[in-house]
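Chemist:
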Amino acid sequence: PKIHFLEFGGREHLIEVPAGTSVMQAAVDNNVPGIDGDCGGECACATCHVYVEPAWLEKTGERTVPEDELLNFASTAQENSRLACQIRMDDALDGLRVRLPESQH
Ligand code: FES
2 PKIHFLEFGG REHLIEVPAG TSVMQAAVDN NVPGIDGDCG GECACATCHV YVEPAWLEKT
62 GERTVPEDEL LNFASTAQEN SRLACQIRMD DALDGLRVRL PESQH
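Just so you know, we're using full-length UniProt numbering here: the sequence shown kicks off at 2 and counts up by one.
1. Compare the Cα-Cα distances from Glu43 to each of Ala56, Val53 and Gln26 and report the closest residue.
2. Relative to the ligand FES, is the shortest distance from any of its heavy atoms to the C-beta of Met25 smaller than 7 Å?
3. Hey, could you find the ends of the alpha helix (DSSP H) Leu72 is sitting in?
4. Check whether the Cβ of Leu72 sits closer than 7 Å to any heavy atom of the ligand FES, and report yes or no.
5. DSSP on Leu58, reduced to helix/strand/coil?
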């Protein structure tokens, strides 16, 4: 499935990854700037914070409990904030669009 990453500055990256890959891993493996994934996907660093485009919110599902707790500390968090390491790509998410926060610019 494919993912569109929109950098804060407006640059767009279209990345294709195998199903089962996390959105964080997809960004890190393809050098998308703004997603560091410092904790390796353990839901502990929040350097993989993204905003899910509203049209995709329902499909990406609910935040996990630790994810929700971490995002509650992020001053830049919005209602559509997710941690990219907690979203696994599958065919239902093909074409997913996420934006990167200004703080990760
Ligand atoms: Fe650290 Fe997602 S990679 S919270």
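Where a beta carbon is used, it is the ideal one built from N, C-alpha and C, also for glycine.
Modeler: On the basis of the supplied data:
1. The residue with the shortest Cα to Cα distance from Glu43 is Gln26.
2. Yes.
3. Where Leu72 is concerned, the enclosing alpha helix (DSSP H) starts and stops at Val66 to Asn73.
4. Because no heavy atom of the ligand FES lies under 7 Å away, the Cβ of Leu72 does not count as near it: no.
5. Of the three classes helix, strand and coil, the one that applies to Leu58 here is helix, per DSSP.
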